[in-house]
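Taking it in order: structure first as structure tokens, then the write-up.
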Amino acid sequence: MHDEESVQAILESYSNKSIGNALRAGGERPNQHILTMIKVADFHAELAQRDFAGVRKHPKGVAKVMCLGIGRLLPEMMKANSADAGISLPAAEVEFQAVRTSLMETGQLLDLKTLAEAEEYKLVACRVCGPDEVEIRKVAASEEALEHRDRDALLDAEHNERSDNRKRIDKLFEQAWHARFAAGPAGDSQALAAFREAGRQYLEFFASEYAEADAFADGTEIGPLTFAQWKQIVVNVCSLAFAKAWLEEITLMEQRRFNPLGFLTLIPTQISDAELRECFRVPGVPEQPELFEKVKACLVLGEENAKLDYGPDGAIPCLVSLGDAVFAPRYSRLGNPYMFLVQRLAKIYSFQMRRILAERESEFQDEIATLLRSNHYLFGESNVKLLKEEQILTDIDLVVYERSTNCLYLIQLKWLAVYARELARREKQYDELLNKAGGWVQKVASWVGKVGPDNVLRTVGLGDDAIDPAKLTVRLLVLNRWWARFSGKEPFNAQAAWLSWSRLKLLAREVPSGSAPLDYIYLSAQSMPLPVFTPVTTPKPYTIADLTVNVYT
Numbered sequence: 012m013h014d015e016e017s018v019q020a021i022l023e024s025y026s027n028k029s030i031g032n033a034l035r036a037g038g039e040r041p042n043q044h045i046l047t048m049i050k051v052a053d054f055h056a057e058l059a060q061r062d063f064a065g066v067r068k069h070p071k072g073v074a075k076v077m078c079l080g081i082g083r084l085l086p087e088m089m090k091a092n093s094a095d096a097g098i099s100l101p102a103a104e105v106e107f108q109a110v111r112t113s114l115m116e117t118g119q120l121l122d123l124k125t126l127a128e129a130e131e132y133k134l135v136a137c138r139v140c141g142p143d144e145v146e147i148r149k150v151a152a153s154e155e156a157l158e159h160r161d162r163d164a165l166l167d168a169e170h171n172e173r174s175d176n177r178k179r180i181d182k183l184f185e186q187a188w189h190a191r192f193a194a195g196p197a198g199d200s201q202a203l204a205a206f207r208e209a210g211r212q213y214l215e216f217f218a219s220e221y222a223e224a225d226a227f228a229d230g231t232e233i234g235p236l237t238f239a240q241w242k243q244i245v246v247n248v249c250s251l252a253f254a255k256a257w258l259e260e261i262t263l264m265e266q267r268r269f270n271p272l273g274f275l276t277l278i279p280t281q282i283s284d285a286e287l288r289e290c291f292r293v294p295g296v297p298e299q300p301e302l303f304e305k306v307k308a309c310l311v312l313g314e315e316n317a318k319l320d321y322g323p324d325g326a327i328p329c330l331v332s333l334g335d336a337v338f339a340p341r342y343s344r345l346g347n348p349y350m351f352l353v354q355r356l357a358k359i360y361s362f363q364m365r366r367i368l369a370e371r372e373s374e375f376q377d378e379i380a381t382l383l384r385s386n387h388y389l390f391g392e393s394n395v396k397l398l399k400e401e402q403i404l405t406d407i408d409l410v411v412y413e414r415s416t417n418c419l420y421l422i423q424l425k426w427l428a429v430y431a432r433e434l435a436r437r438e439k440q441y442d443e444l445l446n447k448a449g450g451w452v453q454k455v456a457s458w459v460g461k462v463g464p465d466n467v468l469r470t471v472g473l474g475d476d477a478i479d480p481a482k483l484t485v486r487l488l489v490l491n492r493w494w495a496r497f498s499g500k501e502p503f504n505a506q507a508a509w510l511s512w513s514r515l516k517l518l519a520r521e522v523p524s525g526s527a528p529l530d531y532i533y534l535s536a537q538s539m540p541l542p543v544f545t546p547v548t549t550p551k552p553y554t555i556a557d558l559t560v561n562v563y564t
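Right, dumping it as structure tokens:
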């Protein structure tokens with residue numbers, strides 16, 4: 012190692028070595044190694060959720076890192092696949108330990124590399140400390156962490172409101188579990204159906220937790236199906252896989268083999284061709300061979316699409332094909348069952364993306380109208396075009412008048428793509444908000460100042476609604492479907508309030524009694540304090556091979 016190398020280059024080098032070592036470990040039986048990787052990742056994904064196979068629950072961070080590792084290694088291993096058609100698993104515990112180490116090492120290096128790359132955006136500072144030691148220091152307050160906190164608080168509130176539904180689903184599962192134990196193996200088919208229904212309801216209950224499940228408008232046609240139909244197929248596949256997994260656990264318990272080695276030496280959950288076809292059926296859509304293949308291309312990771320770039324998070328597919336066999340990994344459906352689908356839809360139907368993205372706006376408008384539906388509000392026209400010398404200056408996506416405060420809200424909607432850990436996409440989104448939405452704020456604020464309140468009301472379709480223009484206050488609001496706060500960046504144009512959809516919905520729940528909801532939301536967004544950055548003085552060390560990475564975050 013040379014001092015003149017960057018930390019990013021050093022981590023890239025170690026990452027490539029780790030991937031190379033994993034590929035060599037596959038030897039002449041890559042399929043066997045792939046299945047071993049899946050089982051090890053599945054084991055730790057379960058441990059992130061619960062006590063499992065006699066082992067106490069692990070911190071979620073372990074499964075997250077392991078998921079990053081297999082997300083990168085699985086496609087690489089499949090690219091290197093030869094004529095190996097075997098699907099048996101070795102019983103050697105030492106091999107499982109070696110694969111666990113490999114997945115953890117690869118995932119940790121990828122995670123650290125992504126963190127180090129944030130130096131380009133002035134979020135961290137990196138330094139080479141010695142021949143085998145580097146450090147990464149956080150240098151900016153984490154505004155994204157505030158967005159995550161808001162979204163988590165919103166999801167918790169929504170789940171609590173539906174706690175009776177959750178209890179009912181839990182009871183359904185428990186009944187199926189006890190019925191299967193009472194009936195023995197003869198009750199497998201009935202138990203499979205009952206577990207599958209419980210799994211379907213679990214998946215639908217928690218769907219809002221996955222950002223990718225909200226990537227497009229439900230009614231938008233993407234290829235042969237609507238986005239809602241694509242997601243229903245994911246639910247069909249995952250609920251079947253859940254049911255089969257629960258039956259596998261019961262069988263291991265009956266055999267007194269529900270322990271780490273008993274679980275790891277069982278091949279991953281397998282889905283037959285007939286079951287796959289049944290999962291891919293969509294009510295009202297005729298069954299066609301080409302439709303089956305189109306759905307398969309968006310849900311199954313196989314040799315034919317393993318060579319594609321799946322971004323920093325790698326490929327996290329619901330289904331993996333090896334030869335003629337199709338497997339359903341637990342780690343993907345316990346992690347994020349929609350990620351692979353959205354990646355593949357965006358790739359395969361890229362030629363439709365302009366339309367697909369444009370169609371999200373009307374759904375966003377409808378959701379806001381539903382949230383604010385009451386006698387307190389009047390809605391003006393949507394997509395109002397502002398003209399200057401007969402040329403379109405800009406448009407206003409949504410207009411809302413709040414009666415109690417005599418405030419008119421002119422709203423710009425943004426529904427930018429989920430970027431997860433992809434820093435380049437994060438930067439692109441910030442630029443989109445800064446330049447396009449910021450430009451919108453300047454144009455609309457200038458227009459409002461020039462034409463006066465009478466003309467503003469007439470233009471937005473509220474000129475005949477007995478609103479007193481002399482007392483009218485006009486406010487601008489930029490609402491992004493995802494984050495509106497970015498670490499290490501200058502604040503946006505203060506002539507508008509900027510906030511995320513999660514924050515708006517959360518603030519709507521917190522409105523004090525007697526307060527006007529939009530007024531409270533707007534003022535809260537405008538007065539939102541910036542987080543204070545506090546340097547971390549004690550590092551968290553990571554040792555990978557002969558390299559030590561000290562992280563101050």
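Numbering (this note's numbering), first residue to last: 12 to 564.
Don't be surprised by glycine CBs; every beta carbon is placed ideally from N, CA and C.
I'd like to know whether the C-beta atoms of residue i and residue j end up nearer to each other than 8 Å.
i: P480; j: P502; result: no
i: S498; j: A151; result: yes
i: L517; j: L165; result: yes
i: I367; j: T554; result: no
i: V353; j: A209; result: no
i: L58; j: A74; result: yes
i: A519; j: V489; result: no
i: D324; j: R436; result: no
i: Q440; j: D408; result: no
i: L434; j: A129; result: yes
Count the other CB atoms within 10 Å of the CB of residue i; is the residue buried (16 or more) or exposed (fewer)?
i: P528; result: buried
i: I49; result: buried
i: L319; result: exposed
i: F192; result: exposed
i: E401; result: exposed
i: P552; result: exposed
i: T549; result: exposed
i: H44; result: buried
i: V311; result: buried
Assuming the contact rule is C-beta atoms closer than 8 Å, residue i and residue j should be a hit. Round their C-beta distance to whole Å, please.
i: V245; j: C329; result: 6 Å
i: M88; j: E314; result: 10 Å between Cβ atoms; not a contact.
i: V6; j: T564; result: Outside the shown range of the chain, which is 12 to 564, sits residue 6, and nothing can be said about it.
i: F351; j: A326; result: 6 Å
i: N347; j: L427; result: Not quite, the Cβ-Cβ distance comes to about 19 Å (not below 8 Å), so this is no contact.
i: A254; j: R207; result: 4 Å
i: L203; j: L263; result: Rounded, the Cβ-Cβ distance is 16 Å, inconsistent with contact.
i: Q155; j: W494; result: The sequence shown places Glu at residue 155, not Gln. Sure, about 6 Å apart at Cβ, within 8 Å.
Under 8 Å Cβ to Cβ from residue i, same chain only, skipping five residues before and after it: list those, please.
i: N417; result: I478, D479, K482, L483, T484
i: Y388; result: V411, Y412, E413, R414, L529
i: G474; result: D465, L468
i: G472; result: G391, E392, V395, V410
i: Q3; result: The chain is shown only over 12 to 564; residue 3 falls outside these bounds and no answer can be derived.
i: R61; result: K68
i: S26; result: T117, L120, L121, K124
From the DSSP output, read off the bridge partner residues of residue i.
i: N491; result: K425, S511
i: P279; result: Answer is none; P279 lacks a bridge partner.
i: Y388; result: E413
i: E208; result: None, per the DSSP bridge assignment.
i: E144; result: G141, T559
i: T484; result: C418
i: V331; result: L312, F338
i: Y553; result: V560
i: E438; result: DSSP output for E438 lists no bridge partner at all.
i: K90; result: In DSSP, K90 forms no bridge with anything.
i: A136; result: R148
i: T405; result: L397
Looking only at its own chain, which residues have a Cβ that is under 7 Å from the Cβ of residue i, when we skip the five neighbours before and after it?
i: M77; result: A52, H55, L114, M115, G118
i: L22; result: L120, L123, K124, A127
i: L46; result: I98, L100, I278, P279
i: E16; result: V139
i: R211; result: V246, S250
i: R148; result: V135, A136, Y563
i: L534; result: none
Excluding the 5 residues preceding and the 5 following residue i in the sequence, name in chain order all residues of the same chain whose CB lies nearer than 6 Å to its CB.
i: A64; result: F269, N270, P271, F274
i: Q228; result: The question names Gln, but residue 228 in the sequence shown is Ala. Closer than 6 Å at the Cβ level, and outside the excluded window around A228, lie E370, R371, E374.
i: F338; result: P279, Q281, V331
i: S29; result: E116, T117, L120
Using a Cβ-Cβ cut-off of 8 Å, state whether residue i counts as contacting chain B.
i: D53; result: Reference to chain B is not applicable here, since this structure consists of a single protein chain.
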